[in-house]
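So that you can map any letter, position 29 of the sequence shown is 1223 in the working numbering, and since no number is skipped, the others follow by simple counting. Data first, discussion second: the structure below is written as structure tokens.
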Amino acid sequence: MNRAFIFGHWILTLLCGPIILTLKSYLTNSNTKNVLGFLEVYPIMVIVGLIFSIPTYVLFFFVFELIKDKNIKTIYIKAFFIFIVVIGIWVTTNMISGTLWSDIAISYSLTSIALGLILKSNFISPLQS
């Protein structure tokens, strides 16, 4: 796994998470006013998401630096990465609380899992180089 995967996953999760949240809201309410209101708050949601996600990604960067020279299969590293991010999402949104915290956690978690599975990690084991 490389840093490009981590940054790509982070940025795409921040950009797509609010979209998934809005789609879920639209499908349950079918109110176009909600979608138009989303366009107004989307930049704010991305910025707030960035701020609140920093601790989770700092933790992962620290763990990544510790294990990058170990002989661990990429699939296990990706699974562990997704696990850390999803736990971080749930802990952070639970601490924020509010009426939408579970919806936010679900939308960002689904986005994180999907992106983690789709994105290529380009990890090269030290034994392979």
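Every residue, glycine too, gets a C-beta built ideally from N, C-alpha and C.
- Message: Taking the beta carbon of P1320 as the centre, do at least 16 other beta carbons fall within 10 Å, making it buried, or is it exposed?
- Response: Note that P1320 scores 44 on pLDDT, short of 50, meaning its location in the model is unreliable and no value can be drawn from it.
- Query: Are S1315 and T1207 closer than 7 Å when you measure CB to CB?
  - Reply: Contact flag unset, no.
- Item | Proximal residues to G1211 (C-beta, below 7 Å), its chain only, five neighbours per side dropped | G1243, S1301, Y1302, T1305.
- Which residue comes first and which comes last in the alpha helix (DSSP H) that contains T1222? Taken as a continuous stretch (DSSP letters only), the alpha helix (DSSP H) holding T1222 covers 1197-1223.
- Task: Determine the contact status of L1313 and F1201, defining contact as a CB-CB distance below 7 Å.
- Result: No; because the gap between Cβ atoms is not below 7 Å, this pair is not in contact.
- Query: If you check the beta carbons only, do H1203 and L1309 fall under 7 Å apart?
  - Reply: Taking 7 Å as the cut-off, the beta carbon of H1203 is found closer than this to the beta carbon of L1309.
- Item | Residue burial classification, Y1270 (beta-carbon count within 10 angstroms, cutoff 16) | Per the 10 Å Cβ criterion, exposed.
- Item | Contact the stretch 1277-1291 vs the stretch 1243-1255: 3+ CB pairs below 8 Å | With the cut-off at 8 Å, the stretch 1277-1291 and the stretch 1243-1255 touch.
- Task: Mark K1272 as exposed unless 16 or more other C-beta atoms lie within 10 angstroms of its C-beta, in which case mark it buried.
- Result: Classification of K1272: buried, given that the 10 Å Cβ count is 16 or more.
- Can F1232 and T1216 be called in contact, C-beta distance under 7 Å? Yes, the Cβ-Cβ distance between F1232 and T1216 is below 7 Å.
- Taking only beta-carbon atoms, is P1212 less than 7 Å away from chain B? Among the protein chains of the structure shown there is no chain B, as only one such chain exists.
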